[in-house]
Structures are given as C-alpha cells and as structure tokens.
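Colleague: Chains as they are written, first to last, in my numbering: chain S, 455 to 590; chain X, 455 to 590; chain A, 455 to 590.
We put the beta carbon where it would ideally sit given N, CA and C, even for glycine.
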Amino acid sequence: MLKTLSLPTHQKTEIIDITPQVQAIVTESGIQDGVAIIYVPHTTAAVLIQENADPAVHTDLLNTLDRLVPQDLPYLHQTVNKNAPSHIKAALIGPSKTVFICNGQIQLGRYQFIYICEFDGPRSRQVWVRVMQDAA
Amino acid sequence: MLKTLSLPTHQKTEIIDITPQVQAIVTESGIQDGVAIIYVPHTTAAVLIQENADPAVHTDLLNTLDRLVPQDLPYLHQTVNKNAPSHIKAALIGPSKTVFICNGQIQLGRYQFIYICEFDGPRSRQVWVRVMQDAA
Amino acid sequence: MLKTLSLPTHQKTEIIDITPQVQAIVTESGIQDGVAIIYVPHTTAAVLIQENADPAVHTDLLNTLDRLVPQDLPYLHQTVNKNAPSHIKAALIGPSKTVFICNGQIQLGRYQFIYICEFDGPRSRQVWVRVMQDAA
C-alpha cells in the first residue's frame, strides 16, 4: 500500500515530525507485521530518524550542515534560490528511511521520531509511505 | 528477484545514471507493486538519488565531498591508490537506496534519478538490484 | 521475523562487526531469498556497511567524523555527556541498512561487513534485525 502525505514547510531549513502521520497510514493499512518505508520525492529534502526529546538537537544538526555546506561558496548549480547546498545536505541525510512494524505499531527507539528535513523551503512537500507486510 | 548490473566507470570520482537499467530490471521482473532495492557490493562506491536536470549539482556534490574529506590528509589506511577518502565518502552517501514500484514503474520525484557514485575509479563495478513484491 | 541483538560497547566511539550475528538470525529464520534489515533504536549510534580488511579505515572514518563534527563547538544540546556531536554523526551514517539474502546467505561484497557505529559509548546497545522473504 502506497500513500502520500502532503505537508507545507515554513522555513528555509526545518525538521518536521511526521511520526503520527506515518503511524496513521500503518494503522489504516491493517498490516500487523512488516515495514514502513518513508520516501521523499524531492532532491532538497530528506527523511531523518533522530532525537525526539530535545529540539536543540535539530538546531545543532541544521547548524552543523550549514557549517559543512555553507550557503556562500561558489557552487556551479546557479538557480534563483541558490539551492546547491540544499541538494548536498539532502544527499547526506538521504531520501528515505525504513522502520519496523509489530502488532500494527511502528517500532522506534525511546528517543526516536520520524522527521522530514526541509533544506530549501518554504514549500509544499510530499512524503510517500509504503507499508509492506512480512510474508514469512 | 536479484539481478546484477555490471558497469565500467571512467574517472576517479563520477556520478553515473542507472535509472534506465533499474527500470529494465523492474519491467523484466513483472512485479507491478513493491520496491526495488539498489545495492553496491563495494566500499568505495555508493548509491545516490538526486537531481536529474542540472549536472552541475553532481559536480557541486563531488567537490563538496572532496572539500570535507580531502585527498591529502594523513589517513591511516595506506594503499597504493590512497583511497581512505573514497571509503569515507561511500560511508556518508551509503551503499543502497530503495525506490517504490507502482504499476510496474519506478516511482521517482520529478527531479530524481538513481545514480552510482564512483569514489575510487576507474573500475568495473557491480550493482545488485532486488525487486520485491508487495504481498498485501 | 524480528529479532533483537544486545551488545555492550566499550569506547566513546567504536565500530563493531555484527556480521556473524546477523547471519545467525538469517539462518535461524529459514528464509532463503529476501532481505535483512538491520536497525538501531538509538539516536547516537548507526549501522554501517564498510571495509572489512583494514581496521585503519574505521579509524579514518571516526577521525574524519570527529574533524567534521568536533566535540568542542558550542552546541545547543547540553547534556551531561555532551553528546550533540554523537547525534549528528548518527544522522550522517543513518540508523539502518538493508542487505540481500540468497540461498539463506547474506550477500555482501568481498570487502563488506556489517557494523554498528557507537558514537556515545560505552553503553548497552540493541540492534533489531528483520528478515523479510521475497514473495515473488
């Protein structure tokens, strides 16, 4: 089962919790055991699984990516929104993550949530989620 | 179904489109709904999903990785081809990616293609692709 | 089938081979063709597939991550163990990897093993492994 989430982003860079929406898709699927794969069909956004307790971790991550891939270097990709660093950050974090499902529930560590990383917002973004049953 | 692509690379670092070959494997599998997992059995290459419109993005990504993991630091891994940075770049981008299949077609965002990142070429490389049916 | 490995780590940062344990889980599952997904339910650890021949590559990777995400920057996430860099390194390497299974055997490249990256040890860590059968 493949479902699409649509969500607006509000800042140039931003980390947005989508855990409840992913769980709702898993619940709707009726699948008890398997995996959910979360995928963004974008090249300047990414899917992240990270700390859910202290939002300062998100700021530290975004600041570190800004330091490693600064906005003002002479990149070759010259677009109106100067988003070469956005592409590179998205490549480093990656466009998808996989989580496990047991008894219809997403299995995450105690401090893990599922997030979308916006690296070139604000925009309207899509997130695709496929829930796959464990056939065994 | 597990299939192997073999491809030559031509430069030390290079980003090579394999989207048509992955689609051909999916088509050959006959699977209509599921996922394709693309995996490189190498430690100095990676699989990337990124921008397909402007090849300057690829150059920006390779240049950024060269800046972050420069060739001339005193790495401990001393081989003839001095490829410690190649391993580290491969670890940062990762050895595999997963894409969705609907109606027999790979589902990608408008600006996404599937690429192999060569970080220690030129070489002959393998890419493994497993197409898995959604059992639900 | 979802199984949990528990393992102690012994250093602040460390790369630990778990390939034999993952193969044992695959063997126990009886699944001949499919995938094994290896996942850490932690936000300061990661799963890595990399070089198995020269442990110097692991040291080079850990040193490079320390250089890119140094311990002593003014991060906002202030905990007793000052682990903001640990979270960021974990985000860069990622919490899971997928490997293929053929004839009951994990398929890896000649120089690939499966590793846990500890970025904030020593601790007791869990690794979750789901083996999924290829239904096709």
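Cβ of Thr497 (chain S) less than 8 Å from any chain A Cβ?
Modeller: The count along the first sequence starts at 1 and reaches residue 497 (chain S) at position 43. For Thr497 (chain S), the answer is no, since every Cβ of chain A falls outside 8 Å of its Cβ.
Colleague: Within its chain, find whatever has a CB closer than 6 Å to the CB of Asn506 (chain X); leave out the 5 residues flanking it on each side and keep chain order.
Modeller: As a position in the second sequence, residue 506 (chain X) is number 52, starting the count at 1. Excluding positions up to five away in sequence, the list reads Tyr565 and Phe567.
Colleague: Is the number of C-beta pairs between the segment 516-532 of chain X and the segment 484-498 of chain A that are closer than 8 Å three or more?
Modeller: Cβ pair count under 8 Å is below three, so no.
Colleague: My output table needs one value for Leu459 (chain X): the three-state DSSP class, helix, strand or coil.
Modeller: Taking the first residue of the second sequence as position 1, residue 459 (chain X) is located at position 5. The answer is strand: DSSP assigns Leu459 (chain X) an E or B state.
Colleague: I need the DSSP call for Ile472 (chain X), collapsed to helix, strand or coil.
Modeller: Taking the first residue of the second sequence as position 1, residue 472 (chain X) is located at position 18. Three-state result, Ile472 (chain X): coil.
Colleague: Based on Cα-Cα distance, which residue from A:Pro576, A:Ile472 and A:Val476 lies nearest to Met455 (chain A)?
Modeller: As a working mapping, residue 455 (chain A) is identified with position 1 in the third sequence. It is A:Val476 whose Cα lies nearest to the Cα of Met455 (chain A).
Colleague: Can you name the residues of chain A whose CB is closer than 7 Å to the CB of Gly575 (chain X)?
Modeller: As a working note, residue 575 (chain X) is residue 121 in the second sequence. Simply none; closest approach about 16 Å.
Colleague: Starting from Leu562 (chain A), find everything on chain X with Cβ-Cβ shorter than 8 Å and list it in chain order.
Modeller: If you number the third sequence from 1, residue 562 (chain A) lands on position 108. What Leu562 (chain A) touches in chain X: Pro495.
Colleague: Report the rounded CA-to-CA distance for His464 (chain A) versus His531 (chain S), giving the unit in angstroms.
Modeller: Stepping through the third sequence from its first residue, residue 464 (chain A) is reached at position 10. Stepping through the first sequence from its first residue, residue 531 (chain S) is reached at position 77. The straight-line gap from Cα to Cα measures roughly 44 Å.
Colleague: CA-CA distance, Ile503 (chain S) and Lys551 (chain S)?
Modeller: Position 49 of the first sequence, counting from 1, holds the residue named residue 503 (chain S). Position 97 of the first sequence, counting from 1, holds the residue named residue 551 (chain S). Using only the alpha carbons, I get a separation of about 8 Å.
Colleague: Just the chain S side, please: which residues come within less than 7 Å of Tyr565 (chain X) by C-beta, in chain order?
Modeller: Start at 1 with the first residue of the second sequence, and residue 565 (chain X) comes out as number 111. What Tyr565 (chain X) touches in chain S: Thr497.
Colleague: In three-state DSSP terms, what is Lys536 (chain X)?
Modeller: Residue numbering aside, residue 536 (chain X) sits at position 82 when the second sequence is read from its first letter. Residue state, collapsed to three classes: coil.
Colleague: At a CB-CB cut-off below 7 Å, which residues of chain X make contact with Glu482 (chain A)?
Modeller: The sequence position of residue 482 (chain A) within the third sequence is 28, counting from 1. In chain order: nothing, as chain X lies at least about 21 Å away.
Colleague: For the alpha helix (DSSP H) that Thr497 (chain X) lies in, which residues bound it at each end?
Modeller: Here residue 497 (chain X) refers to the residue found at position 43 of the second sequence. Taken as a continuous stretch (DSSP letters only), Thr497 (chain X) belongs to no alpha helix (DSSP H), as it is neither H nor E.
Colleague: Going by DSSP in three states, Thr481 (chain X) sits in which element: helix, strand or coil?
Modeller: Residue numbering aside, residue 481 (chain X) sits at position 27 when the second sequence is read from its first letter. Three-state DSSP puts Thr481 (chain X) in a helix.
Colleague: What did DSSP end up calling Lys551 (chain A) once you bin it into helix, strand or coil?
Modeller: Looking up residue 551 (chain A) in the third sequence gives position 97. If DSSP states are grouped into helix, strand and coil, Lys551 (chain A) belongs with the strands.
Colleague: By DSSP's criteria, Arg584 (chain S) is part of a beta bridge. Which residues make up the other side?
Modeller: If you number the first sequence from 1, residue 584 (chain S) lands on position 130. Paired residue(s): S:Leu456 and S:Ile491.
Colleague: Could you tell me which residues DSSP puts in a beta bridge with Ile503 (chain X)?
Modeller: One-based indexing of the second sequence puts residue 503 (chain X) at position 49. Its beta-bridge partners are X:Ile568.
Colleague: Can you tell me which of A:Gly575, A:Asp588, A:Val583 and A:Leu516 puts its alpha carbon nearest to the alpha carbon of Pro462 (chain A)?
Modeller: For the purposes of this step, residue 462 (chain A) is identified with residue 8 of the third sequence, where counting begins at 1. Checking every option, the nearest Cα to that of Pro462 (chain A) belongs to A:Gly575.
Colleague: Going along the chain, which residues of the segment 497-530 of chain X sit with their C-beta nearer than 7 Å to a C-beta in chain S?
Modeller: The segment 497-530 of chain X vs chain S, Cβ under 7 Å: Leu502, Ile503, Gln504, Glu505, Asp508, Ala510, Val511, Thr513, Asp514, Leu515, Thr518 and Leu522.
Colleague: Contact check, Ala538 (chain S) vs Ala499 (chain S) under 8 Å by CB: the rounded distance?
Modeller: As a position in the first sequence, residue 538 (chain S) is number 84, starting the count at 1. As a position in the first sequence, residue 499 (chain S) is number 45, starting the count at 1. That pair is no contact at about 15 Å.
Colleague: Name the residues in the segment 457-478 of chain A whose C-beta lies less than 9 Å from a C-beta of chain S; which are they?
Modeller: Hits within the stretch: zero.
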